[in-house]
Amino acid sequence: MNVRKPASSLKVKFTRNNNRNVWEKIRDGIRAIISTAKTEKSIQNQLWGALAMLATLALLQPAIFWWGLCLFGSTLCLTMEFFNTSIEQLADYLNPEYDPRIGKIKDLAAGGTVMAGIGTFVVGVLMILDTFALLG
6 MNVRKPASSL
16 KVKFTRNNNR
26 NVWEKIRDGI
36 RAIISTAKTE
46 KSIQNQLWGA
56 LAMLATLALL
66 QPAIFWWGLC
76 LFGSTLCLTM
86 EFFNTSIEQL
96 ADYLNPEYDP
106 RIGKIKDLAA
116 GGTVMAGIGT
126 FVVGVLMILD
136 TFALLG
């Protein structure tokens, strides 16, 4: 009979020092961003989208409010894409064989990325309309 131990009695062993200072954690995060951006096409596409958005902002010079919304949306899209990529890689590592349950999990993560992209696109369209005084 397999008896589970209570969570409080489980010892967690980490391969890395958990007591790293904040600068080491930031450095590791930046390394992961750069490494992933070099290898993942979806991240590269999101970065191109962010560059296009920055170019549009620089060209149109909208109100600071729109800069903030667009930068937030772009950051949200990139963050969602990183989470999506993490979920996909973890799922593939845990179960390299096809499993419809894992496919559903991957689809849900991708759906979050799509939702963030649609929301950011709508904000961009509204910013353009407002900049050209086409909104109320």
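According to the numbering used here, the residues represented by the sequence shown are 6 to 141, in order.
Backbone N, C-alpha and C fix where the C-beta goes; we use that ideal spot for every residue, glycine too.
Q | Nearest-angstrom Cβ-Cβ length linking C3 and G54, presumed shorter than 8 Å | A | No answer is possible for residue 3: it lies beyond the span of the chain, which begins at 6 and ends at 141.
**Q.** First through last residue of the alpha helix (DSSP H) which encompasses Y98
**A.** On the sequence shown, residue 98 is found 93 positions in, with the first residue counted as 1. Annotation: the continuous alpha helix (DSSP H) that includes Y98 extends over I69 to L99.
Q. Looking only at its own chain, which residues have a Cβ that is under 6 Å from the Cβ of T118, when we skip the five neighbours before and after it?
A. Position 113 of the sequence shown holds residue 118. Result list for T118: M85, E86 and N89, in chain order.
**Q.** Sequence-distant residues of the same chain with beta carbon closer than 7 Å to G122, five excluded per side
**A.** Within the sequence shown, residue 122 is the residue found at index 117, counting from 1. C82, listed in sequence order.
Q: In the DSSP assignment, find the alpha helix (DSSP H) that holds R25 and state where it starts and stops.
A: Position 20 of the sequence shown, counting from 1, holds the residue named residue 25. Careful: R25 lies outside any alpha helix (DSSP H) and carries neither H nor E.
**Q.** Sequence-distant residues of its chain with Cβ nearer than 7 Å to A96 (five each side left out)
**A.** The count along the sequence shown starts at 1 and reaches residue 96 at position 91. So the qualifying residues of the chain are I107, I110 and K111.
Q.
I'd like to know whether the C-beta atoms of M132 and C75 end up nearer to each other than 8 Å.
A. Here residue 132 refers to the residue found at position 127 of the sequence shown. Here residue 75 refers to the residue found at position 70 of the sequence shown. Taking the C-beta atoms as reference points, C75 is found nearer than 8 Å to M132.
Q: Express the C-alpha separation of A60 and E45 in angstroms, rounding to a whole number.
A: Taking the first residue of the sequence shown as 1, we reach residue 45 at position 40. Taking the first residue of the sequence shown as 1, we reach residue 60 at position 55. Distance between the alpha carbons of E45 and A60: 23 Å.
**Q.** Buried or exposed (CB count within 10 angstroms, at least 16 for buried), T80
**A.** Translated into positions along the sequence shown, residue 80 becomes position 75. T80 comes out exposed.
**Q.** Proximity below 8 Å, CB of L65 to CB of T125
**A.** Your numbering for residue 65 matches position 60 in the sequence shown. Your numbering for residue 125 matches position 120 in the sequence shown. Not in contact: L65 and T125 (Cβ atoms no closer than 8 Å).
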